[in-house]
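A.B. asks:
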Amino acid sequence: MPAFERPSLTPTDRDVLSSQAVGALRQAYDIGDWLAWQRTPKGSSNVSFFVTASSGSYVLRRSHSRKSVEAIRFEIKLIDYLREKSYPAPELIMTRQQEGYVEHDGILYLMTRFIPGHPYDPENPNHLFASGHGLGLYHRLVKDLPGPYYRRPVPALTTLEPTGIKGLTAIDRLAKLYLSAEEQKRLMDGFSYVQNQCIDVCQSMVEISPRLSHRIIQGSFGRSALIFHSNALSGVVDYDRATYELLGMDLAYAIKAFCRIHDEDSKDYRIGFDYARCRDFLLAYREAESLSAEEIQALPLIFRGQRLVKVQNKCDNLLRKDAVVPQEAKDVRKLAIMVEREARRLCWLEGHREELLATLMNECI
């Protein structure tokens with residue numbers, strides 16, 4: 215059965231700061247003359263820019279249009295708290311009015327001082343150890359962060375079943391408009407497997423979640439969020455997704471980022487983990503923060519749940535956009551590629567859950 219064709223990508227204005235935005239930001243921040251700015255190479259939901267000013271180097275983040283004032287104020291509170299505890303969070307640049315962010319034309323901007331250093335090196339075992347230790351230290355520190363806490367409006371792993379099925383009829387309508395009969399069948403087969411996974415993961419999470427820890431998760435603790443000076447972790451950035459959630463959501467995200475065997479170009483969309491790296495990452499984590507057997511036992515289930523949340527979010531985004539501007543065939547085909555890929559990854563995770571769990575438990579507890 216032939217695979218879906220990958221849709222071509224077209225450039226957008228996401229890479230550009232408008233002259234109106236630059237003017238407003240120049241007025242808001244007292245950093246001297248703006249000499250140059252260019253988009254950073256990383257970023258998906260948000261767009262960030264390196265800004266060179268007469269007073270130094272900075273990073274400017276343009277938040278997603280759905281970012282709320284409540285969310286960015288909590289993010290600022292978290293960063294300030296971490297810096298007070300000597301954690302390597304970035305230094306926030308305050309506005310002339312001593313605000314931690316700028317709102318312009320309905321979009322929220324946040325500026326931090328540039329942290330010099332080097333990116334994560336997957337071939338350097340000291341970087342892997344520093345990463346695991348850095349996440350453990352973060353989780354230890356945020357236990358004492360005073361409330362109230364922000365909760366992101368994203369699907370919870372205990373509510374996957376009802377929300378996972380909700381948008382299927384609307385997606386099916388779009389598929390019939392734009393996809394061939396064979397493509398429609400492939401998409402519906404993928405959705406059928408995803409729905410069954412939603413039911414299984416939801417029921418299992420409802421049973422075990424009362425025994426699991428909740429924490430202010432960092433939400434993006436991966437390779438692109440870390441900055442190193444030699445072998446030492448000198449910067450941890452990207453707190454946009456910080457929220458009060460299951461601690462295991464952070465662990466699963468980080469293990470996938472640092473210990474996954476990457477093969478994005480594989481036609482089978484396989485997924486795998488380097489078990490030795492999983493062991494080393496968790497051992498480094500536990501030097502900074504304790505980790506119960508229940509938390510590790512939940513990880514294979516959370517891995518699956520995170521893939522399901524991704525499918526839900528992508529479907530919701532397509533339907534939200536279609537309600538404003540009718541989507542095109544390439545948009546629906548892109549969604550179909552994603553559903554097929556995630557269904558195959560879910561299949562791998564389900565088939566290897568006992569092996570993965572045995573490895574984590576035997577080597578880390």
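Count the sequence shown with the working numbering and you get residues 215 to 579, in order. The C-beta atom is built at its ideal place from N, Cα and C for all residues, glycine as well. Please read all numbers here as calculations on a predicted model, not as lab measurements.
1) Among the residues of its own chain, which have a CB less than 7 angstroms from the CB of Ala557, if the five just before and after it don't count?
2) Check each candidate in Ala344, Ala235, Val316 and name the one with the smallest Cα separation from Val450.
3) So, at 6 angstroms on beta carbons, what are the nonlocal neighbours of Leu461 in its own chain, with the 5 sequence-adjacent residues on each side left out?
4) DSSP three-state call for His341: helix, strand or coil?
5) Look up Gln252 in the DSSP assignment and give the residues it is bridged to.
6) If you count every other CB in all the chains shown that lies within 10 Å of the CB of Pro255, and 16 or more means buried, which is it?
7) Please report the distance separating the alpha-carbon of Gly361 from that of Ser300.
8) Indicate the three-state DSSP secondary structure (helix, strand or coil) for Phe218 in the structure shown.
9) Would a C-beta distance cut-off of 9 angstroms place Gln520 and Met463 closer than the cut-off?
10) Go through its chain and collect everything with a Cβ distance to Tyr489's Cβ below 6 angstroms, but skip five positions before and after it.
11) In angstroms, rounded to a whole number, what distance separates the CA positions of Val265 and Arg425?
12) Could you tell me which of Pro339, Ala370, Ser268, Ala507 sits nearest to Asp494, measuring between CA atoms?
13) State yes or no: is the C-beta of Gly433 within less than 9 angstroms of the C-beta of Arg365?
14) Can you give the Cα-Cα distance for Leu359 and Ala238, rounded to whole angstroms?
15) Please identify the residue among Phe263, Gln241, Ala285 whose C-alpha is closest to the C-alpha of Gln311.
16) So for Ile329, helix, strand or coil by DSSP?
17) Using C-beta distances below 6 angstroms, list every residue in its chain close to Ile245, excluding the 5 sequence neighbours before and after it, in chain order.
18) To which residues of the same chain is Gln234 closer than 8 angstroms at the C-beta, ignoring the five residues directly before and after it?
19) For Lys528, which residues from the same chain have a beta carbon less than 7 angstroms from its beta carbon, with the 5 sequence-adjacent residues on both sides left out?
20) Which residue wins for smallest C-alpha separation from Thr326, given the options Ile293, Tyr272, Glu542, Tyr499?
21) In this structure, how does DSSP classify Phe487 when only helix, strand and coil are distinguished?
C.D. replies: Straight from the coordinates:
1) Listed in chain order, the non-local C-beta contacts of Ala557 below 7 angstroms within the same chain comprise Gly404, Tyr407, Val408, local neighbours out to five positions each way being set aside.
2) Residue Ala344 is the option with its Cα nearest to Val450.
3) Only Ser427, Arg429 meet the Cβ criterion.
4) His341 falls in the helix class under three-state DSSP.
5) Residue pairing by DSSP puts Gln252 in a beta bridge opposite Phe264.
6) Classification for Pro255: exposed.
7) Taking the Cα positions, Gly361 is about 20 angstroms away from Ser300.
8) With a pLDDT of 41 at Phe218, under the threshold of 50, the predicted position of this residue should be treated as unreliable, though the coordinate-derived value follows. Looking at Phe218 - three-state DSSP - the assignment turns out to be coil, as it is neither helix nor strand.
9) Yes.
10) So the qualifying residues of the chain are Thr573.
11) In a straight line, the C-alpha of Val265 is about 45 angstroms away from that of Arg425.
12) With distances taken between CA atoms, Asp494 lies nearest to Pro339 out of Pro339, Ala370, Ser268, Ala507.
13) Their beta carbons are not under 9 angstroms apart, which means Gly433 does not touch Arg365 by this criterion.
14) So the alpha carbons of these two residues sit roughly 33 angstroms apart.
15) Minimum Cα distance to Gln311 is reached at Gln241.
16) Three-state DSSP puts Ile329 in coil, outside helix and strand.
17) If you ignore the 5 residues before and after Ile245, its C-beta comes within less than 6 angstroms of the C-beta of Ala267, Ser269, all in its own chain and listed in chain order.
18) Within the same chain, and ignoring the five residues on either side of Gln234 in sequence, the residues whose Cβ sits closer than 8 angstroms to its Cβ are His318, Asp319.
19) Around Lys528: Leu549, Met552.
20) Measuring from the Cα of Thr326, the nearest candidate turns out to be Tyr272.
21) The answer is strand: DSSP assigns Phe487 an E or B state.
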